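Notes follow once the structure below has been shown.
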Amino acid sequence: MRTLLFCLLGLALISCTEALQCNVMNTIQGLFVQQCPGHIMSCMKFVCRLHGYEQVYKGCNDPANPAVACQTLQSNCQAQGGTGQCYTCNYEFCNSSSGLASAAVLVVAVLYSIRMLC
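All the letters of the sequence shown, read from the start, carry residue numbers -19 to -1, 1 to 99 under mature numbering (1 follows the signal peptide of the UniProt record, and there is no 0).
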């Protein structure tokens, strides 16, 4: 059991050194996961509040890609009469609550491993 936990912990740490993974979502298509290109170091979530509704876009934060850059999304939101806000973060799946669940599993595994060693 202890060996399995160390293997899982090792795999979790290795995956942290690879390209960042972000949740991807728009209001119409739903949610899925995207592995960001190696040069992308953050995820983003953009929320446009328009006529009492929220339009949400999540993905890799790539300012060099005008189609998904926060500035472009903000301009499009304002052009429709809405107000928008862009949030960025820089750890796995941080642009939704599922990132918290992954972090919680990792913390529990580490704490359990430490407890088993004592």
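Just so you know, even glycine gets a beta-carbon here, dropped at the ideal spot from N, CA and C. All values derive from a computational prediction rather than experimental measurement.
Assigned exposure category for residue i - 16 Cβ within 10 Å defines buried
i, result
"V14", "exposed"
"G19", "exposed"
Residue i, DSSP secondary structure in three states
i, result
"C75", "coil"
"C58", "helix"
"T67", "One detail in the question is off: residue 67 reads as Cys in this sequence, not Thr. Note: C67 maps to strand in three-state DSSP."
"S3", "Correcting the residue identity first, residue 3 is Cys in this sequence and not Ser. C3 falls in the strand class under three-state DSSP."
"Q16", "strand"
Residues that DSSP places opposite residue i in a beta bridge
i, result
"L31", "Y34"
"G40", "M25"
Integer-rounded CB distance, given that residue j should sit under 8 Å from residue i
i, j, result
"C3", "N76", "6 Å"
"Y68", "M25", "7 Å"
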